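Asks:
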Amino acid sequence: NAGVTQTPKFQVLKTGQSMTLQCAQDMNHNSMYWYRQDPGMGLRLIYYSASEGTTDKGEVPNGYNVSRLNKREFSLRLESAAPSQTSVYFCASAGTVNYGYTFGSGTRLTVV
Amino acid sequence: QKEVEQDPGPLSVPEGAIVSLNCTYSNSAFQYFMWYRQYSRKGPELLMYTYSSGNKEDGRFTAQVDKSSKYISLFIRDSQPSDSATYLCAVPSTGANNLFFGTGTRLTVIP
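Here the protein sequences line up with chains A and B, keeping their order. Under my numbering, the letters of the first sequence match residues 236 to 347, in that order. Under my numbering, the letters of the second sequence match residues 79 to 189, in that order.
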């Protein structure tokens, strides 16, 4: 049982380049999330999808777009990467939020 | 005011010590409370969740909620070096659409 799978695990981008972070879950969860984690800032919500076909902005959505491709997959796209987007990105999913999320192992992104 | 606030530490204790990790939250309507553990360079994993007030115990770990003071705690008994990690508290948003996380407390247990 893989849980939440994120790809890639590491990425280095040049300023202005674009990329898509992939996330897939095999737990039949309705809700999926993208967070970024920065030192001293904790986990900050970028976007979430409460169900297939819906997406909503979180606390820090600027510079990002998302696609809920189907119930299993939720991707995060950086259209024009900036050094301020250097961070660790976590995808998570939940069946019932009150009982918590399952997180992926993260993507370490560096923008130079 | 943030929905949940946590002392960032770091906290360093000798092996076998009792550890107390704490958070405060802002909204008295919150009913569910969670603790996550995050090892270095890994994703957070759910350690425990509690509903409403009182204590919940799981092995060496006890989660405690005091709704009168809006204070949540995680106690670790007989701490082990393998407990060295960052611990994050979390609460669901009012609509239960997402979780709000504390910034995390880094714990080191010294053998």
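Backbone N, C-alpha and C define an ideal beta-carbon position, used for all residues, glycine too. Small disclaimer: the values here were computed from a predicted structure and weren't measured.
Taking only beta carbons into account, state which residues of the stretch 323-346 of chain A come closer than 7 Å to chain B, listed in chain order.
Replies: F325, V332, N333, Y334, G335, Y336, F338, G339, S340 and G341
Asks: Cβ of B/S98 within 9 Å of Cβ of B/F153?
Replies: On the second sequence, residue 98 of chain B is found 20 positions in, with the first residue counted as 1. On the second sequence, residue 153 of chain B is found 75 positions in, with the first residue counted as 1. Against a cut-off of 9 Å, the Cβ pair of B/F153 and B/S98 comes out as a contact.
Asks: Closest to A/G277 by CA distance: which of B/D136, B/F111 and B/K80 is it?
Replies: For the purposes of this step, residue 277 of chain A is identified with residue 42 of the first sequence, where counting begins at 1. Looking at the Cα atoms, B/K80 is the closest of the given residues.
Asks: Measuring only the C-alpha atoms, how far is B/A95 from A/N300?
Replies: Position 17 of the second sequence, counted from the start, is the residue given in the question as residue 95 of chain B. Position 65 of the first sequence, counted from the start, is the residue given in the question as residue 300 of chain A. Rounded to whole angstroms, B/A95 to A/N300 spans 46 Å at the Cα level.
Asks: Between the Cα of A/T331 and those of A/S284, A/A259 and A/G275, spot the shortest distance and give me the residue it belongs to.
Replies: Position 96 of the first sequence holds residue 331 of chain A. Comparing Cα positions, the closest option is A/S284.
Asks: Applying a beta-carbon distance threshold of less than 9 Å, which residues of chain A neighbour B/F153?
Replies: For the purposes of this step, residue 153 of chain B is taken as the residue at position 75 of the second sequence. In chain order: nothing, as chain A lies at least about 19 Å away.
Asks: Closest to B/A174 by CA distance: which of A/T250, A/K244 and A/Y268 is it?
Replies: Against the second sequence, residue 174 of chain B aligns to sequence position 96. Out of A/T250, A/K244 and A/Y268, A/Y268 has the C-alpha closest to the C-alpha of B/A174.
Asks: Give me the residue from B/P88, B/F179 and B/N105 with the minimum Cα distance to B/I188.
Replies: Taking the first residue of the second sequence as position 1, residue 188 of chain B is located at position 110. Ranking the options by Cα distance to B/I188, first place goes to B/P88.
Asks: Pull up the distance between the alpha-carbon of A/G335 and that of A/A317, whole angstroms please.
Replies: The residue given as residue 335 of chain A occupies position 100 in the first sequence. The residue given as residue 317 of chain A occupies position 82 in the first sequence. Distance from the CA of A/G335 to the CA of A/A317, rounded to the nearest whole angstrom, comes to 31 Å.
Asks: Within 9 Å of any Cβ in chain A, is that where the Cβ of B/G180 sits?
Replies: Along the second sequence, one-based indexing puts residue 180 of chain B at 102. Chain A, which has a Cβ nearer than 9 Å to the Cβ of B/G180, makes this yes.
Asks: Name, please, each residue of chain B whose Cβ falls closer than 8 Å to the Cβ of A/Y283.
Replies: As a position in the first sequence, residue 283 of chain A is number 48, starting the count at 1. Listed by position along chain B, the residues whose Cβ is nearer than 8 Å to that of A/Y283 are N175 and N176.
Asks: When you compare only the Cα positions, how much space is there between B/R119 and A/A329?
Replies: Reading the second sequence from its first residue, position 41 is the one you call residue 119 of chain B. Reading the first sequence from its first residue, position 94 is the one you call residue 329 of chain A. Spanning the two alpha carbons is a distance of roughly 22 Å.
Asks: B/F179 and B/S171 look like a contact to me (Cβ under 8 Å); what is the Cβ gap, rounded to whole Å?
Replies: As a first step, residue 179 of chain B is located in the second sequence; it is residue number 101 there, counting from the start. As a first step, residue 171 of chain B is located in the second sequence; it is residue number 93 there, counting from the start. Not confirmed; about 11 Å, so no contact.
Asks: Excluding five sequence neighbours on each side, which residues of the same chain lie with their C-beta closer than 7 Å to the C-beta of A/G288?
Replies: In the first sequence, residue 288 of chain A corresponds to position 53, counting from 1. Here the set comprises R303.
Asks: Cβ of A/V239 less than 9 Å from any chain B Cβ?
Replies: The residue labelled residue 239 of chain A in the question sits at position 4 within the first sequence. Yes, contact with chain B.
Asks: From A/G293 to A/Q320, what distance separates their C-alpha atoms?
Replies: To locate residue 293 of chain A, count along the first sequence from 1; it is residue 58. To locate residue 320 of chain A, count along the first sequence from 1; it is residue 85. For A/G293 and A/Q320, the distance between alpha carbons rounds to 15 Å.
Asks: With a threshold of 6 Å on Cβ separation, who are the neighbours of A/D261 within its own chain once the five nearest residues in sequence on each side are excluded?
Replies: Position 26 of the first sequence, counting from 1, holds the residue named residue 261 of chain A. Answer for A/D261: A237, listed in chain order.
Asks: Anything in chain A within Cβ reach of B/Q110, meaning under 8 Å, just list it in chain order.
Replies: Position 32 of the second sequence holds residue 110 of chain B. First, the amino acid is wrong: residue 110 of chain B is Tyr here, not Gln. Simply N333 and Y334.
Asks: What is the C-beta distance between A/S322 and A/Q272, in whole angstroms, given that I count them as a contact (C-beta under 8 Å)?
Replies: As a first step, residue 322 of chain A is located in the first sequence; it is residue number 87 there, counting from the start. As a first step, residue 272 of chain A is located in the first sequence; it is residue number 37 there, counting from the start. Rounded, the Cβ-Cβ distance is 7 Å, consistent with contact.
Asks: For chain A, check one thing: does any of its Cβ atoms lie closer than 9 Å to the Cβ of B/S131?
Replies: As a first step, residue 131 of chain B is located in the second sequence; it is residue number 53 there, counting from the start. Cβ-Cβ to chain A under 9 Å: no for B/S131.
Asks: Give the DSSP bridge partners of B/R115, in chain order.
Replies: Looking up residue 115 of chain B in the second sequence gives position 37. According to DSSP, which records beta bridges pairwise, B/R115 is partnered with B/E123 and B/Y165.
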